[in-house]
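Engineer: Residue 281 is where the sequence shown starts when you use the working numbering, and the numbers rise one by one after that.
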Amino acid sequence: MFEILTTDQMYDADRLTIEGGVSGNILMQNAGRAVFEEIVRHWSPRSVSVLCGPGNNGGDGFVIAKLLRDEGWSVRLGLLGDIDALKGDAALHAARWDGATERLSPALVVGADLIVDCIFGAGLARDITGDLAELIETINSSMCAVVAVDVPSGVDGNSGMVRGCGVKADLTVTFCRAKPGHYLLPGRLMCGELSVRDIGISDKIISEIRPTCWRNDPVLWRAGIHWPGLDGHKYHRGHLLAFGGGSMTGATRLVARAARRSGVGLLTIVSDPAALPFYAADAPGNMTAPIGMLDALLKDCRHNAFVIGPGYGVGDGTKSLVIQLLHLCRATVLDADALTSFSEDPSTLCFAIQGPTVLTPHEGEFSRLFPDIEGDKLCRALAAAKRSGATVLIKGADTVIAAPDGRAAISAMEAPWLATAGSGDVLAGIIGGLMAQGMEMFDAACMGVWLHARCGTDIGPGLIAEDIPDHLPEILRELWLASRKKG
Numbered sequence: 281m282f283e284i285l286t287t288d289q290m291y292d293a294d295r296l297t298i299e300g301g302v303s304g305n306i307l308m309q310n311a312g313r314a315v316f317e318e319i320v321r322h323w324s325p326r327s328v329s330v331l332c333g334p335g336n337n338g339g340d341g342f343v344i345a346k347l348l349r350d351e352g353w354s355v356r357l358g359l360l361g362d363i364d365a366l367k368g369d370a371a372l373h374a375a376r377w378d379g380a381t382e383r384l385s386p387a388l389v390v391g392a393d394l395i396v397d398c399i400f401g402a403g404l405a406r407d408i409t410g411d412l413a414e415l416i417e418t419i420n421s422s423m424c425a426v427v428a429v430d431v432p433s434g435v436d437g438n439s440g441m442v443r444g445c446g447v448k449a450d451l452t453v454t455f456c457r458a459k460p461g462h463y464l465l466p467g468r469l470m471c472g473e474l475s476v477r478d479i480g481i482s483d484k485i486i487s488e489i490r491p492t493c494w495r496n497d498p499v500l501w502r503a504g505i506h507w508p509g510l511d512g513h514k515y516h517r518g519h520l521l522a523f524g525g526g527s528m529t530g531a532t533r534l535v536a537r538a539a540r541r542s543g544v545g546l547l548t549i550v551s552d553p554a555a556l557p558f559y560a561a562d563a564p565g566n567m568t569a570p571i572g573m574l575d576a577l578l579k580d581c582r583h584n585a586f587v588i589g590p591g592y593g594v595g596d597g598t599k600s601l602v603i604q605l606l607h608l609c610r611a612t613v614l615d616a617d618a619l620t621s622f623s624e625d626p627s628t629l630c631f632a633i634q635g636p637t638v639l640t641p642h643e644g645e646f647s648r649l650f651p652d653i654e655g656d657k658l659c660r661a662l663a664a665a666k667r668s669g670a671t672v673l674i675k676g677a678d679t680v681i682a683a684p685d686g687r688a689a690i691s692a693m694e695a696p697w698l699a700t701a702g703s704g705d706v707l708a709g710i711i712g713g714l715m716a717q718g719m720e721m722f723d724a725a726c727m728g729v730w731l732h733a734r735c736g737t738d739i740g741p742g743l744i745a746e747d748i749p750d751h752l753p754e755i756l757r758e759l760w761l762a763s764r765k766k767g
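Rendered as structure tokens:
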């Protein structure tokens with residue numbers, strides 16, 4: 281279940297399932313039971329307050345409350361609004377509830393050990409204020425464990441933004457597929473553990489909806505990996521040119537090590553002659569060439585990929601070099617200084633992009649390149665990719681990768697240890713190395729982000745950027761063995 285559905289797509293999935301003969305009543309029963317099963321798996325019986333809103337999320341709450349009470353739990357149920365105002369399946373399940381229904385208020389938190397948040401779902405379209413904000417503040421300041429149904433109330437399911445205020449959950453149970461707001465910050469921080477449960481919506485219906493966003497995972501890109509063949513040689517694995525700065529040599533040295541560990545066949549660092557000894561001494565496998573030989577290097581089509589930006593310097597010279605490289609239509613990764621050099625003239629960069637190109641900005645670099653693009657991270661990445669014709673990767677704990685054709689992926693791994701100097705340089709090198717080996721740009725960006733994050737989670741505390749490339753062989757071997765087994 282790697283697809284990510286927007287709230288509208290989830291409504292379509294519900295509708296198509298009901299049109300196919302599965303009643304909404306059964307879907308609601310299945311949803312409530314899924315939450316009930318997660319609750320009893322995580323906690324022993326205790327005092328629980330189920331907080332219900334006026335829509336289908338509230339209907340789920342009535343199912344959950346009844347199942348818990350039937351199991352012997354002590355249950356209180358609070359409802360926003362009048363029970364007679366409930367409609368459809370929510371009204372049906374409310375009628376089956378055999379306990380008291382209280383007015384939704386902070387009093388329901390007093391004496392509870394567990395709160396089940398069924399107030400609002402992913403489609404919340406307004407900010408939470410007033411009495412409801414007071415209730416949420418009471419929940420968040422209590423010692424209660426909290427389970428959120430669908431999304432924590434207050435979190436926008438599409439953007440992950442918090443509408444006024446939001447419930448901080450220990451566990452969020454959603455249905456069929458996750459939504460962008462489960463993975464995008466700050467919503468991701470509000471969800472706690474995320475459980476995605478099947479409630480009877482078929483994979484066929486999901487295929488009919490044609491999702492264009494996924495949780496970044498090998499299932500998305502493993503078919504596009506170019507593993508070396510027994511009859512291959514180093515040039516079959518690509519020759520990457522990494523452009524090194526004259527003073528900040530560490531950044532390009534990290535690029536080079538990461539690209540070589542990702543599997544590229546050859547790598548040449550191109551730099552001012554004075555810096556070449558530093559690059560050559562870093563690793564015996566690094567080839568070097570002075571920038572004065574660039575024209576001759578570019579005439580050789582075997583130099584099929586470029587990484588430029590890390591430590592290279594900001595200015596017109598960098599800008600001109602980037603344009604020269606882009607006009608060759610070879611695989612190119614632009615990072616750091618290569619992006620910042622176009623801050624005053626981003627349209628020129630977009631015009632120059634003709635071939636497979638990946639842009640890897642962090643939020644600051646993105647805002648300088650695309651100052652007029654607003655919205656949540658996913659929407660901004662998609663808009664920038666469409667405008668530029670490049671795959672755009674906005675870095676962060678919730679890294680988003682977007683392709684010009686509308687595909688997108690969101691990184692879901694937790695790797696806070698990657699917030700260290702040089703980590704982004706390593707990522708650029710991995711992606712460049714994968715593209716040099718022939719991987720399509722969106723797949724290469726997604727795989728690079730996944731490898732990078734896996735290294736972060738595997739290595740953990742104490743990680744420095746230099747650790748990441750040397751951990752790549754272990755993960756790549758795991759992927760390779762899995763591909764052989766599948767074959």
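Ideal placement from N, C-alpha and C gives every residue a C-beta, glycine not left out. Bear in mind that the values here come from a model prediction, so they are computed numbers and not experimental data.
1) If I follow the unbroken beta strand (DSSP E) through C456, where does it start and stop?
2) Is DSSP giving D397 helix, strand or coil here?
3) Roughly how many whole angstroms lie between the Cα atoms of V638 and T409?
4) Just to confirm the assignment, what range does the beta strand (DSSP E) spanning A522 have?
5) Which residue marks the beginning of the beta strand (DSSP E) containing G358, and which one marks its end?
6) From S668 to P626, what does the alpha carbon distance come to, in whole angstroms?
7) From A503 to D723, what does the alpha carbon distance come to, in whole angstroms?
8) Anyone know if the C-beta pair for L388 and G358 falls short of 7 Å?
9) Need the endpoints of the beta strand (DSSP E) that V343 sits in, please.
10) Taking H583 as part of the beta strand (DSSP E), name the residues at either end of that continuous run.
11) Unbroken beta strand (DSSP E) runs of length 3 or more, entirely within the segment 540-616: which are they?
12) Using only the alpha-carbon positions, how far apart do I319 and N336 sit?
13) Going by DSSP in three states, V442 sits in which element: helix, strand or coil?
14) Can you pull the DSSP bridge partners for C332?
15) Considering only their Cβ atoms, is the gap separating L547 from L520 smaller than 7 Å?
16) Can you tell which of A708, Y559, D738, L698 has the C-alpha that lies nearest to the C-alpha of A768?
17) Between which two residues does the alpha helix (DSSP H) carrying I690 extend?
18) What's the C-alpha gap between A554 and T532?
19) Kindly indicate which residue of D288, V680, F282, H607 has the alpha-carbon position closest to the one of A585.
20) Can you list, in chain order, the residues of its chain whose CB lies under 7 Å from that of F787, leaving out five sequence neighbours each side?
21) Between A682, G333, V550, E754, which lies nearest to S433 when the distance is taken from Cα to Cα?
22) From the DSSP output, in three-state form, read off C493 for me.
23) In whole angstroms, give me the CA-to-CA distance for G446 and R517.
24) CA-CA distance, L629 and F622?
25) Buried or exposed, going by whether 16 or more other CB atoms sit within 10 Å of the CB of W507?
Structural biologist: Reading off the structure:
1) Judged by DSSP secondary structure, C456 falls outside any beta strand (DSSP E); it is assigned neither H nor E.
2) Residue state, collapsed to three classes: strand.
3) Note on geometry: alpha-carbon atoms of V638 and T409 lie some 42 Å from one another.
4) A522 -> beta strand (DSSP E) spans 519-523.
5) In the DSSP annotation of this structure, the continuous segment of the beta strand (DSSP E) that includes G358 starts and ends at 354-359.
6) Rounded to whole angstroms, S668 to P626 spans 9 Å at the Cα level.
7) Taking the CA atoms as reference points, A503 sits about 9 Å from D723.
8) Yes, the pair counts as a contact, with Cβ atoms nearer than the cut-off.
9) Premise fails: V343 lies in the alpha helix (DSSP H), 336-350, not in any beta strand (DSSP E).
10) Looking at the DSSP string, the run of the beta strand (DSSP E) that includes H583 is 583-588.
11) Complete beta strand (DSSP E) runs here, min 3: 546-551, 567-570, 583-588, 611-614.
12) One C-alpha to the other measures close to 19 Å.
13) V442: strand per DSSP, three-state reduction.
14) C332 pairs with L359, C398.
15) Yes; because the gap between Cβ atoms is below 7 Å, this pair is in contact.
16) Not covered by the structure: residue 768. The range shown for the chain is 281 to 767.
17) Where I690 is concerned, there is no enclosing alpha helix (DSSP H), although the beta strand (DSSP E) it sits in stretches over 688-690.
18) Whole-angstrom Cα-Cα distance: 15 Å.
19) Closest option to A585, Cα to Cα, is H607.
20) Residue 787 lies beyond the residue range present for the chain, which begins at 281 and ends at 767; the question has no answer from this structure.
21) Distances from the alpha-carbon of S433 to those of A682, G333, V550, E754 put G333 closest.
22) In the structure shown, the three-state DSSP call for C493 is strand.
23) If you take the alpha carbons of G446 and R517, they lie about 49 Å apart.
24) Using only the alpha carbons, I get a separation of about 7 Å.
25) Exposed: under 16 other Cβ atoms inside 10 Å.
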